Amino acid sequence: MKKFQIPVWIEEYRPDELPENIQKLKKAAEKARDSAYAPYSHFKVGTAILLGNGIIVTGNNQENAAFPSGMCAERVAIWSAGSNYPGQEIISMYISAKSETKKVDQPVPPCGACRQAIAEYETKQNKPIEIYFSGETGPIWKTDSLENILPLVFSGKELK
Ligand code: THU
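Residue numbers (the numbering used here): 158 to 317.
Written out as structure tokens, the structure reads:
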């Protein structure tokens with residue numbers, strides 16, 4: 158028997174420490190977040206994606222009275238990028254979350270299903286996607302790649 162650990166590396170930033178282009182991405186994510194459609198959870202999430210051509214694509218969570226029919230901000234954004242800019246590399250993502258009922262002052266990471274969806278694009282482009290995430294206030298966490306926060310990812314290699 159062999160036992161080993163797979164470390165997860167996270168960088169923590171204050172807003173003023175973010176590179177200028179990421180400050181812009183953060184603003185775009187916050188703007189998208191504030192217009193999320195979340196009448197059931199009152200939990201709003203916005204995602205902004207920076208593409209290789211410099212274009213920023215955004216998305217936010219869209220809820221539905223039939224709850225499972227709703228969708229997370231991250232997948233709305235990444236599928237929008239994939240469908241509108243199919244050949245473009247995804248460089249960075251910023252995810253911002255805010256609740257209408259409580260203070261969110263800790264980073265809110267993407268859910269498991271969104272991580273799997275983002276992984277598909279990282280595998281496809283064979284280049285890491287950097288991901289920043291935060292609450293409405295508080296520290297910002299960054300991972301250099303999706304794979305870092307989804308160790309043992311199912312990438313589909315086994316299907317080929
Ligand atoms: N949500 C996201 O948009 N992204 C996540 O990664 C986690 C959760 C949304 C889904 C739902 O509309 C609300 O937050 C509460 O779960």
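For glycine and all other residues, C-beta sits at the position ideal for the given N, C-alpha and C.
In this text, all values refer to a predicted model and were calculated from it rather than measured experimentally.
Can you find the residues in the same chain that come closer than 8 Å, C-beta to C-beta, to residue i, ignoring five residues on each side of it along the sequence?
i    : result
V214 : A205, I206, L208, A234, S237, A238, N241, Y242
E304 : A276, E279, P285, V310
Y194 : N217, N218, Q219, E220
Q263 : G292, G295, P296
C229 : V202, N218, P267, C268, A270, C271
P196 : E220
G313 : E277, T280
P172 : Q180, K183, I297
Between which two residues does the beta strand (DSSP E) harbouring residue i extend?
i    : result
N217 : 213 to 217
L303 : No beta strand (DSSP E) contains L303, which is instead part of the alpha helix (DSSP H) from 303 to 306.
K299 : 297 to 300
S291 : 287 to 291
Y194 : First-last for Y194: undefined, no H or E at that position.
E168 : 168 to 170
Can you tell me where the alpha helix (DSSP H) with residue i in it begins and where it stops?
i    : result
V233 : 230 to 241
L182 : 177 to 191
Y278 : 269 to 282
For residue i, collect the residues of the same chain with a Cβ closer than 7 Å to its Cβ; drop the 5 residues on either side in sequence, then sort them by chain order.
i    : result
I247 : I206, L208, A238, Y278, Q282, I286
S256 : H199, F200
L182 : A205, L207, I213, S249, Y251
S192 : N217
L175 : K183, I297
Who are residue i's beta bridge partners in DSSP?
i    : result
G203 : N217, S253
L208 : I247
Spatial neighbours of residue i within its chain, please: CB distance less than 6 Å, with the 5 preceding and 5 following residues excluded, ordered by chain position.
i    : result
Y170 : I297
T258 : H199
Run the Cβ filter for me: residues under 6 Å from any heavy atom of the ligand THU, listed in the order they occur in the chain. A195, S198, F200, V202, N218, E220, G227, C229, A230, E231, P267, C268, C271
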